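Encoded as C-alpha cells, the structure appears first; notes follow it.
Protein chains: 2
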Amino acid sequence: MEIISGGVTAPIGFLAAGMHAGVRKNKKKKDMALLVSKCPAKTAGVFTQNVVKAAPVMWDKALCDDIGLCQALVVNSGVANACTGEAGDVDVAHMAELVAAELQVPVDQVAVASTGVIGIRLPMETIAHGICELSGMLSDDLESGSHAAEAIMTTDVYKKEIAVKLQIKGKTITVGGMCKGSGMINPNLGTVLGFLTTDLNISQELLQKTLRNDVIDTYNMLSVDGDTSTNDTVMIFANGMAGNDELLETDADYPAFAEALRYINTYFVKLIAADGEGTTRMFQVQVAGAESKEGARKLAKSVVTSNLVKCAVYGSDANWGRLVCAMGQSGIAFDPYKVDIIISSEAGSLKIVENGVCTDYDEERATEILSPDQVCFHADMHAGTETASAWGCDLTYEYIKINAEYRK
Amino acid sequence: MEIISGGVTAPIGFLAAGMHAGVRKNKKKKDMALLVSKCPAKTAGVFTQNVVKAAPVMWDKALCDDIGLCQALVVNSGVANACTGEAGDVDVAHMAELVAAELQVPVDQVAVASTGVIGIRLPMETIAHGICELSGMLSDDLESGSHAAEAIMTTDVYKKEIAVKLQIKGKTITVGGMCKGSGMINPNLGTVLGFLTTDLNISQELLQKTLRNDVIDTYNMLSVDGDTSTNDTVMIFANGMAGNDELLETDADYPAFAEALRYINTYFVKLIAADGEGTTRMFQVQVAGAESKEGARKLAKSVVTSNLVKCAVYGSDANWGRLVCAMGQSGIAFDPYKVDIIISSEAGSLKIVENGVCTDYDEERATEILSPDQVCFHADMHAGTETASAWGCDLTYEYIKINAEYRK
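Order-wise, the sequence lines are chains A and B.
Counting from 1, position 338 in the first sequence corresponds to residue 325 in my numbering; the numbering is continuous, with no gaps.
Counting from 1, position 259 in the second sequence corresponds to residue 246 in my numbering; the numbering is continuous, with no gaps.
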C-alpha cells in the first residue's frame, strides 16, 4: 500500500465539486459538495446509533439496504436536517430528485448528507441553486476533491482527505476519502461524516461487511465529547473501474483492501480527535493483555470518554488514579493489581503504574512526556492477549466557550 | 414526616465527633469523623460499581454482607485509600482495630470510609491519634453531628446534613444523615459518601432492601461529571432505640419510612449537584410518559451526563436539539416525533418542543427561564406512564480549572 496525493477523486471514475452556495452565512466557507461516479458504484454505509436519526441518514440507510448502488452524493454543511419531522424527509427526497434530474441518474441512486444546526429546515432554494451550479463544476482533478472536502467542514479547523493505492488481483486500485468532525453535535454544527471512494470491483455485501468491521475499531473508538450525533454517516462507494476480477473475502488480496480501509479510517479518526472542538492535545489509549477484544475496546473507550482524564490530559498531568478509575467504570472485570500503565510521546516514555500501584516516577519527567500535541497511554491488563486502541482529546476552556457561549 | 434540626445525631442513641486530625494540610479543614451507636445498629450499604474498589469499600461491603451490624463508623477525608494494594487492606483493618479498642466494641462492627487522593497510603500515626482524640469528644448533641458532616467534606463548598421525624407503629422515629460529594473523583479528593442514622427497629434485610431500592432513584440518578469513584459509599445504621415493634414490609407504616429515606437522599443528591465542582447551575431532568421505569431512568440520566447539555445549561441556552439528541443516545427506543419538552424554573415555564419539533418560542424568554441557579427540563415521551428524575450540573471553566490546573 502506498499513500498518494488527493482524496475522493483519486480513484478512477470519480468527479467532485465543492462551493459556497449560501446555506452558511460566511461566504468564505464552502457549504455544498457533489461527488459523482461515472458508473453505478456498489455502496455500503454505517450510520448513527442514536435513536434520533436525521432525515438524510434514514434516506442513505435505505439506499444501502435496498439497492446498494449509488451514482451521486450531495452534501451540505450548515443545516443538519435533523428533528425536522416529515418536512425533513420531503426535503431529502427533493434534494435527491434535483441531483437525479441534473445528472440524469436514477433518484434512488443518489445519496444525501447534511451537517449543521438541528431542528431547522434546509433553505431549499439555495440548495437547488447549489446543485445546479455544482453539476457544472464537476471534475476528476484532485483540486475538485479538495473543494468537496472543504465544503463538508463545520467547526473543523483542518480539511481531512487522503488516498492510497494498492495491488489487487494484478490491478492497481485506489481508495480515496474525505471526512469531517470536530464536535459530536453542536449548536450550529456537528457530526462525523466520512466518504470513501474506490475503483475496486467488489460485491456490495463484502463492501458493507468490510466497512462495518472496520468502523468498530476506528470511528467507534473515537470520542470528542461523548455525545453521539443524529447525523453520523460513513459511506464507501466502489465503482469497479480499476478492472480487477471481483474481490472475494477468500482472496489472498482481501486483507490488503481491509488494511487500506483501516489505514484511511484510522488516519481520519486521529485527525478528528486532533481537531476536536477546543482541543490542545490529542491522546491515544492503547489497551493490551485484555481477556477479550470487546473488553479491550470498552476499557480503551472508557478512558477517552472520561471528563476527568480529559482534564488531566489538558493539564499534562500523569493522573494514573483517574486512568485506572476510568477503566474500572467500563463494566469490564479485571484485576486492578495486575495493571501496568506506560505514558509516551515524542518526548519519551515512562512506566507510571506497575501491578496497579504507582511507580516511584519523577513527576516533572511525566509532565514533560505529556506536554506534546499527541500523547499516548498504554495499559497492559495482564489478563490475556487482546488489544484495542481509542482516540480522544483534552477538555478545555475553549470547548466550553464554543458550546456554552456561542451567542456572545 | 416533619423536617427537624440536626443530622446524624438527631436519632436516639447516636454520638458523633469531627475534627482536624492532620490528614489534610489545611488546618481549617476537619478531616476525621467518628459516629457511634449506643447499641449495635442494623447496617445496610450500597457501594461503588467501579471494578476498582477502594480498600474501605471492600471492608464495609463485607460488614453489610456478613454480620450486618455496626457500632461505630470512622471516616477520613484527604486520602482515599484506593489503589493501595494489600497495604491498603491492612490499613483499613488497623483503623477498625484502633476504633474497636478505643470504644470497646467488636472490630467486625466497625465501618471505615475514606475519601481523597487515590494511590497513596493513609498516614496511620495521624489517623491513630485522631481516633484517640475523637473518642474523647463524642457527644449526642446536634453540633457534634455537624462537625462530623464537616469532616467528611472535600471540594464540597456546603456541609450536607438533614434530619426528619415520623410516626411508625405508634412511636416517633427519627432519621438523620450526612453526606459529601462534589466531583466524582479528583486529583486531591473525590467520591460520594452518605451516612444515615435512625433509631427505627427494622431487620437488616429490610433495611438493605429499602436502601438499595431508594438509591436507584436518588444517588444513581446523579451525575456531576460522569466519572464513578472508587470509594462511593452510602450506608444506613438503624439502632432500634425508638422502641417500635419491628417494622415489616407489609406494615401500613412501611411506605412512610421508605418515603423518609427518599426525601433525605433526594435532598442530598440535589445538594451534591448544586455543589458540583465549578458549578454555577443545578438542573433536574424529569422524564414522563415513558414506556418503562428503567427506560425513563436511562433517558433522564443520559441528559444529565451529556457534556453538550451541560455546556448549554452553563450558557442558559434552550438547546432542545441537544436534549433530544442526548435522549436518543440513551439506547432507549422512542418516537422522536412524540416528544414534548418544557423548560422551567422560578422564572416561569415554557414549552420549547412539541411533537419532536421546535415550538415558535421566544429565545429571550427561554434564556430568562434558564438563568436562575436551579432549572428543570421536563420531557414527555407520550409512550406510557412511567416517570423518572435525574440531577446534574453545568460544565464550566471552573470545573476544568479544578481538574486540570490544580498544580498552578
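Even for Gly, the Cβ is constructed at its ideal location relative to N, Cα and C.
These numbers were taken from a predicted model, which means no experiment stands behind them.
Worksheet item: Which whole-angstrom value describes the C-beta separation of residue 27 of chain A and residue 100 of chain A, a residue pair presumed to lie in contact below a C-beta threshold of 8 Å?
Response: That pair is no contact at about 19 Å.
Item to complete: For chain B, find out if any of its Cβ atoms is closer than 8 Å to the Cβ of residue 323 of chain A; answer yes or no.
Response: yes
Worksheet item: Would the stretch 376 to 383 of chain B and the stretch 252 to 262 of chain B be scored as touching if the rule is three or more Cβ pairs under 8 Å?
Response: yes
Practice prompt. Can you say whether residue 160 of chain B is buried or exposed, counting buried as having 16 or more other CB atoms within 10 angstroms of its CB?
Written response: buried
Discussion item. So that I know if they touch, is there some Cβ in chain B lying closer than 8 Å to that of residue 380 of chain A?
Written reply: no
Practice prompt. Mind checking the stretch 203 to 231 of chain A against chain B and listing, in chain order, the residues whose C-beta falls within less than 8 Å of any C-beta there?
Written response: 212, 213, 214, 215, 216 and 217
Worksheet item: What separation, rounded to the nearest whole angstrom, lies between the Cα atoms of residue 145 of chain A and residue 167 of chain B?
Response: 44 Å
Worksheet item: Are the C-beta of residue 293 of chain A and some C-beta of chain B separated by less than 8 Å?
Response: yes
Discussion item. Against chain B, does residue 316 of chain A count as a neighbour if the rule is that its beta carbon must be under 8 Å from one of theirs?
Written reply: yes
Worksheet item: Are the beta-carbon atoms of residue 312 of chain A and residue 39 of chain B separated by less than 8 Å?
Response: yes
Discussion item. Residues of chain B with CB closer than 7 Å to the CB of residue 384 of chain A, please, in chain order.
Written reply: 384 and 387
Worksheet item: For residue 89 of chain A, which residues of its own chain have a beta-carbon under 7 Å away from its beta-carbon, when the five flanking residues on both sides are left out?
Response: 118, 119 and 122
Discussion item. With H, G and I counted as helix, E and B as strand and the rest as coil, what does DSSP make of residue 382 of chain A?
Written reply: coil
Worksheet item: Roughly how many angstroms lie between the CA atoms of residue 247 of chain B and residue 162 of chain B, to the nearest whole one?
Response: 8 Å
Item to complete: Whole angstroms is fine: what's the gap from residue 177 of chain B's alpha carbon to residue 188 of chain B's?
Response: Interpretation of residue 177 of chain B is limited by its pLDDT of 49, a score under 50 that renders its predicted location unreliable; the figure taken from the coordinates is listed afterwards. Going from the Cα of residue 177 of chain B to the Cα of residue 188 of chain B covers about 33 Å.
Worksheet item: From what residue to what residue does the beta strand (DSSP E) around residue 401 of chain A run?
Response: Since the first residue of chain A shown is -12 and the last is 395, residue 401 of chain A is not available in this structure.
Practice prompt. Within 10 angstroms of the Cβ of residue 303 of chain A, are there 16 or more other Cβ atoms? Answer buried if so, exposed if not.
Written response: buried
Worksheet item: Just to confirm, are residue 294 of chain A and residue 76 of chain B a CB contact at a threshold of 8 Å?
Response: no
Fill in: residue 193 of chain B, DSSP secondary structure in three states
helix
Worksheet entry | the stretch 270 to 288 of chain B touching the stretch 361 to 376 of chain B, judged by at least three CB pairs closer than 8 Å | yes
Fill in: Selection of the stretch 46 to 72 of chain A by Cβ proximity to chain B, strictly under 9 Å
67, 69, 70, 71 and 72
Worksheet item: In this structure, does DSSP put residue 133 of chain B in helix, strand or coil?
Response: helix
Worksheet item: So is residue 112 of chain B buried or exposed if we call it buried at 16+ other beta carbons inside 10 Å?
Response: exposed
Worksheet item: Would the beta-carbon of residue 50 of chain B fall within 8 Å of that of residue 29 of chain B?
Response: no
Discussion item. For residue 270 of chain A and residue 368 of chain A, I'd like the C-alpha separation in whole angstroms.
Written reply: 19 Å
Worksheet item: alpha helix (DSSP H) containing residue 353 of chain B: first to last residue?
Response: 350 to 356
Worksheet item: Which of the three DSSP states, helix, strand or coil, is assigned to residue 51 of chain A?
Response: helix
Worksheet entry | Backbone CA spacing between residue 305 of chain A and residue 216 of chain B [nearest angstrom] | 18 Å
Discussion item. In whole angstroms, give me the CA-to-CA distance for residue 164 of chain A and residue 93 of chain A.
Written reply: 24 Å
Item to complete: With distances taken Cα to Cα, identify the nearest neighbour of residue 2 of chain B among B:198, B:364, B:366 and B:135.
Response: B:135
Discussion item. What does DSSP give as the partner residue(s) for residue 185 of chain B in the beta ladder?
Written reply: B:162 and B:225
Worksheet item: Any residues in the stretch 336 to 360 of chain A with a beta carbon nearer than 7 Å to a beta carbon of chain B? Which ones, in chain order?
Response: 343, 344 and 345
Practice prompt. Could you give the DSSP three-state label for residue 323 of chain A: helix, strand or coil?
Written response: helix
Worksheet item: How about residue 41 of chain A and residue 68 of chain A: are their beta carbons less than 8 Å apart?
Response: yes
Fill in: residue -9 of chain A (DSSP reduced to helix, strand or coil)
strand
Fill in: Interface residues of the stretch 302 to 315 of chain A facing chain B [CB-CB below 8 Å]
302, 304, 306, 307, 308, 309, 311, 312, 313, 314 and 315
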